[in-house]
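Below: one structure, written as structure tokens.
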Amino acid sequence: REIVLDLLQCHNVAGALEKQQLGCHMLLNMLNAKDLNNKVHVDFAQIAVSKLGLIARTDDSELCELLILILCSSSELTGCRDTIVEMELLGFIRSETIHANMRLGNAYLTMYQNIANNSEMRDRIIDENLLKRFTAMAEQKNPEVNLAVMAALYCVTCR
1 REIVLDLLQC
11 HNVAGALEKQ
21 QLGCHMLLNM
31 LNAKDLNNKV
41 HVDFAQIAVS
51 KLGLIARTDD
61 SELCELLILI
71 LCSSSELTGC
81 RDTIVEMELL
91 GFIRSETIHA
101 NMRLGNAYLT
111 MYQNIANNSE
121 MRDRIIDENL
131 LKRFTAMAEQ
141 KNPEVNLAVM
151 AALYCVTCR
């Protein structure tokens with residue numbers, strides 16, 4: 001676990017990008033284990049998400065894609081939702097990454113649904129960029145994406 005945290009924060013050294021990518025892949029695999037009842041797993045996930053600031057600011061397309069997948073998986077954990085919102089990680093997600101493929105678009109929408117299921121979080125995640133992204137996704141005229149957009153909007157706007 002310490003190795004993953006070190007890799008996520010690696011910068012200004014030779015091979016930093018590759019190390020960050022490796023750290024993200026390892027973290028995603030650990031999150032996908034979904035041991036939601038294990039406090040150690042949940043605590044580690046929250047700490048790891050708090051270390052994603054450097055990754056969120058990258059221009060590397062693979063890291064951008066991994067960030068969306070990591071945030072989607074970690075958004076299933078209550079503590080991670082708080083960290084995602086507090087660190088404003090959602091604002092760093094690039095629209096072109098969301099539209100890169102349907103898997104990333106669905107992961108993005110699922111993440112918003114997970115976060116918006118908490119009434120305290122709803123007001124904190126709605127902004128102009130969110131509505132622009134959802135609109136752009138709906139303009140793809142893909143029935144599956146449109147259904148996911150409607151479900152995400154429903155979760156975000158519920159009172």
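Using my numbering, the first residue of the sequence shown is number 1, and each one after it goes up by one. Built from N, CA and C at the ideal position, the CB exists for glycine as well. Since we're looking at a predicted model, the values are computed, not measured.
Can you list, in chain order, the residues of its chain whose CB lies under 6 Å from that of residue i, leaving out five sequence neighbours each side?
| i | result |
| --- | --- |
| V42 | L77 |
In the structure shown, what three-state DSSP assignment does residue i receive?
| i | result |
| --- | --- |
| R1 | coil |
| I125 | helix |
| N142 | coil |
| V13 | coil |
| A151 | helix |
| A33 | coil |
Does the Cβ of residue i lie closer than 6 Å to at least one heavy atom of the ligand ADP?
| i | result |
| --- | --- |
| I84 | The model depicted lacks the ligand ADP and carries no ligand whatsoever. |
Taking 7 Å as the threshold (C-beta atoms), are residue j and residue i in contact?
| i | j | result |
| --- | --- | --- |
| T97 | C72 | no |
| L90 | K51 | no |
| C80 | Q113 | no |
| A16 | C10 | yes |
For residue i, I'd like the list of residues in its chain whose CB is within less than 8 Å of its CB, leaving aside the five on either flank, ordered along the chain.
| i | result |
| --- | --- |
| V85 | I115, M121, R124 and I125 |
| L153 | F134 |
Counting only the same chain and skipping the five closest in sequence on each side, list residues whose C-beta sits under 7 Å from that of residue i.
| i | result |
| --- | --- |
| N239 | The chain is shown from 1 up to 159; residue 239 falls before or after that span and cannot be answered. |
| M111 | L71, C72 and S75 |
Alpha carbons only, please: which of the options is nearest the one belonging to residue i?
| i | options | result |
| --- | --- | --- |
| L27 | N37, D6 and H11 | D6 |
(request) Mind listing, in chain order, the continuous alpha helix (DSSP H) runs of no fewer than 4 residues lying wholly within the region 40-107? (result) Within the region 40-107, the complete alpha helix (DSSP H) runs of at least 4 residues are 53-56, 61-74, 78-86 and 95-98.
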